[in-house]
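Remember, the working numbering sits 3 above the position in the sequence shown when you count from 1.
Here a beta-carbon is modelled for each residue, glycine too, at the ideal position from N, C-alpha and C.
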Amino acid sequence: MSGWKQEMISTTRGKFEVFVKGRGDPVCVTHHYSEFNESGDYFADTFSDQNKVFLVNLKEAGNSDKAKNPHELSIVDAVLDLEEIRKVYGFPSWTFAGHSTGGMIGVLYGIHFSPSLTRLVLTGAAARKYTSSSQCIYNEKHQDFKRMQELIEQLKDKNLEDAERKALTKERTQLSLVLPQNYDSYFAQNITKKISGRRLNFFSREQLIFDVTRQLHRVSAKTTILCGRQDLQCPVEFSIEMSELIPFADIHIFERSGHYPFLEEKDAFKEVVKKYAGADKRIERRITK
């Protein structure tokens, strides 16, 4: 049993599907175009041992409301939606934890609503267009760019058979692992999720002009930045950049990880999470290698 419980939350901005697990201080987790279900999420599960986690399906994902207007699929609107969900639950503040594009949502959350955040956790993320780096697998110069694009397009098909979706997902994920042969051991749980094609298509255009680096000084929430040294999706240079521009940022680089340090160096990742969870004092800038 995964332990994730579905809740439908009505807000002034629409109805959202949320999956809840764990006990303790609240942690909100989402991703820009993933569709979650009762099986949960590997990244979100990292926090459920010591926190109550709220895994949110944004509009056009899962059973959450459909978007009536295109702008409702934007990163800004995602942040506004999360704020309303927080208010409905009645939390004066909560931790937001985001991986990849979920981290990009977190960056904007910190810029505009730091008082609502106990802490901000950004994993394998960026504050600007990450595809500009030649080290990024989404850059046309990268050797695996073409195959990655083919896999993404195929995974948008909602009519895929489960076995075919599983095989395509495995290949896509292996491209971002330092040790692709370890995929089956990393992803051993029966966790499944889909891609919201409409959200991904909107994000593909939005990320072309995404750059909030000049606003990072406005993030006043305590911020923990986590990244794999060999991340091919959001290269480590973008995590380092954020750590230098966010006033009170703590960065941890996992040397033997790619885009999934919470699986590739699972124990070390959990130790970092435990370390910040009980901290209530202002953190000092440092880089843990």
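- Message: For a test of the three-state rule: what should DSSP assign to valine 79, helix, strand or coil?
- Response: Taking the first residue of the sequence shown as position 1, residue 79 is located at position 76. Helix, per DSSP.
- So, using beta-carbon positions, are tyrosine 263 and threonine 227 closer together than 8 Å? For the purposes of this step, residue 263 is identified with residue 260 of the sequence shown, where counting begins at 1. For the purposes of this step, residue 227 is identified with residue 224 of the sequence shown, where counting begins at 1. Contact: no.
- Message: On the CB-based measure, 16 or more other CB atoms within 10 Å of its CB, does glycine 27 come out buried or exposed?
- Response: In the sequence shown, the residue the question calls residue 27 occupies position 24. It is exposed - the Cβ of glycine 27 has fewer than 16 other Cβ atoms within 10 Å.
- Message: Nearest by alpha-carbon distance to arginine 221: which of Ala252, Lys159 and Thr172 is it?
- Response: Residue 221 sits at position 218 when you count from the first residue of the sequence shown. Of the listed residues, the one whose Cα sits closest to arginine 221 is Ala252.
- Message: Would you call the stretch 23-40 in contact with the stretch 94-113, where contact means no fewer than 3 C-beta pairs closer than 8 Å?
- Response: Proximity of the stretch 23-40 to the stretch 94-113 meets the contact definition, three or more beta-carbon pairs being nearer than 8 Å.
- Message: Once DSSP output is grouped into helix, strand and coil, what is the label at lysine 196?
- Response: Reading the sequence shown from its first residue, position 193 is the one you call residue 196. DSSP places lysine 196 in coil when its eight states are reduced to three.
- Task: Put glutamate 86 into one of helix, strand or coil per three-state DSSP.
- Result: Locating residue 86 in the sequence shown gives position 83, where the first residue counts as 1. Three-state result, glutamate 86: helix.
- Considering only C-alpha positions, which residue in the set Phe57, Leu229, Asn66 and Met107 is nearest to histidine 35? Stepping through the sequence shown from its first residue, residue 35 is reached at position 32. Histidine 35 has its Cα closest to that of Met107, out of Phe57, Leu229, Asn66 and Met107.
- Item | Cβ pair count under 8 Å reaching 3, the stretch 265-272 against the stretch 193-207 | no
- Query: Alpha carbon to alpha carbon, how far is proline 250 from isoleucine 243?
  - Reply: For the purposes of this step, residue 250 is identified with residue 247 of the sequence shown, where counting begins at 1. For the purposes of this step, residue 243 is identified with residue 240 of the sequence shown, where counting begins at 1. Taking the straight line joining both Cα atoms gives about 13 Å.
- Boundaries of the beta strand (DSSP E) in which isoleucine 228 is found, first to last residue: Walking along the sequence shown from the start, residue 228 turns up at place 225. Note, isoleucine 228: beta strand (DSSP E), 226-231.
- Query: Tell me which same chain residues have a C-beta within less than 8 Å of the C-beta of aspartate 214, skipping the five on either side of it?
  - Reply: Within the sequence shown, the letter at position 211 stands for residue 214. So the qualifying residues of the chain are Ala130, Arg131 and Lys132.
- Would you mind working out which of Ala224, Arg259, Ser260 and Gln236 sits nearest phenylalanine 246, comparing C-alpha positions? Residue 246 sits at position 243 when you count from the first residue of the sequence shown. Per the sequence shown, the amino acid found at residue 246 is serine instead of phenylalanine. Of the candidates Ala224, Arg259, Ser260 and Gln236, the one whose C-alpha sits nearest the C-alpha of serine 246 is Ala224.
- Message: Judging by CA-CA distance, which residue of Glu258, Ile140 and Phe205 is the nearest neighbour of lysine 62?
- Response: As a first step, residue 62 is located in the sequence shown; it is residue number 59 there, counting from the start. Among Glu258, Ile140 and Phe205, the Cα nearest to that of lysine 62 is on Phe205.
- Leaving out five residues on either side along the sequence, give the residues of the same chain with a beta carbon under 6 Å from the beta carbon of alanine 3. The displayed coordinates of the chain run from 4 to 292. Any statement about residue 3 would go beyond what the structure contains.
- Pull up the distance between the alpha-carbon of serine 188 and that of glutamate 258, whole angstroms please. To locate residue 188, count along the sequence shown from 1; it is residue 185. To locate residue 258, count along the sequence shown from 1; it is residue 255. C-alpha separation (whole angstroms): 19 Å.
- Item | Rounded straight-line distance, which links the Cα of serine 5 to that of glutamate 38 | For the purposes of this step, residue 38 is taken as residue 35 along the sequence shown, with counting starting at 1. For the purposes of this step, residue 5 is taken as residue 2 along the sequence shown, with counting starting at 1. Rounded to the nearest angstrom, the two C-alpha atoms are 16 Å apart.
- Query: For glutamine 210, does the count of other Cβ atoms within 10 angstroms reach 16, so buried, or fall short, so exposed?
  - Reply: On the sequence shown, position 207 is the one that residue 210 refers to. It counts as buried.
- Give me the Cα-Cα distance between lysine 159 and leucine 248, rounded to the nearest whole angstrom. Within the sequence shown, numbered from 1, the residue matching residue 159 stands at position 156. Within the sequence shown, numbered from 1, the residue matching residue 248 stands at position 245. Roughly 35 Å separates the two Cα atoms.
- Please list the segments of the beta strand (DSSP E) lying wholly inside the stretch 5-46, counting only runs of 3 or more residues, in order along the chain. For the stretch 5-46, whole beta strand (DSSP E) runs of length 3 or above, ordered along the chain, are 8-14, 17-24 and 29-33.
- Item | Spatial distance of glutamate 174 from aspartate 48 (CA atoms) | By one-based count along the sequence shown, residue 174 stands at place 171. By one-based count along the sequence shown, residue 48 stands at place 45. So the two alpha carbons sit approximately 22 Å from each other.
- Query: Quick one: is serine 119 buried, meaning 16 or more other Cβ sit within 10 Å of its Cβ, or exposed?
  - Reply: Position 116 of the sequence shown, counted from the start, is the residue given in the question as residue 119. Label assigned to serine 119: buried.
- Could you tell me the distance, in whole angstroms, from the CA atom of leucine 111 to the CA atom of histidine 255? Translated into positions along the sequence shown, residue 111 becomes position 108. Translated into positions along the sequence shown, residue 255 becomes position 252. Approximately 20 Å between the Cα atoms of the pair.
- Mind pulling the alpha helix (DSSP H) runs of 4 or more residues that sit fully within the stretch 107-194? 148-158, 165-177 and 186-189
- Out of Glu10, Cys230, Gly17 and Cys237, state which residue places its alpha-carbon closest to the alpha-carbon of leucine 83. The residue you call residue 83 lines up with position 80 of the sequence shown. Between leucine 83 and the set Glu10, Cys230, Gly17 and Cys237, the nearest pair of CA atoms involves Gly17.
- Message: So, at 6 Å on beta carbons, what are the nonlocal neighbours of serine 103 in its own chain, with the 5 sequence-adjacent residues on each side left out?
- Response: Taking the sequence shown and counting its residues from 1, one reaches residue 103 at position 100. Once the five neighbours on either side are set aside, the close Cβ partners of serine 103 are Gly127.
- Express the C-alpha separation of glutamine 177 and proline 183 in angstroms, rounding to a whole number. Position 180 of the sequence shown holds residue 183. Position 174 of the sequence shown holds residue 177. Distance between the alpha carbons of proline 183 and glutamine 177: 5 Å.
- According to DSSP, is threonine 49 helix, strand or coil? Start at 1 with the first residue of the sequence shown, and residue 49 comes out as number 46. Correct three-state label for threonine 49: coil.
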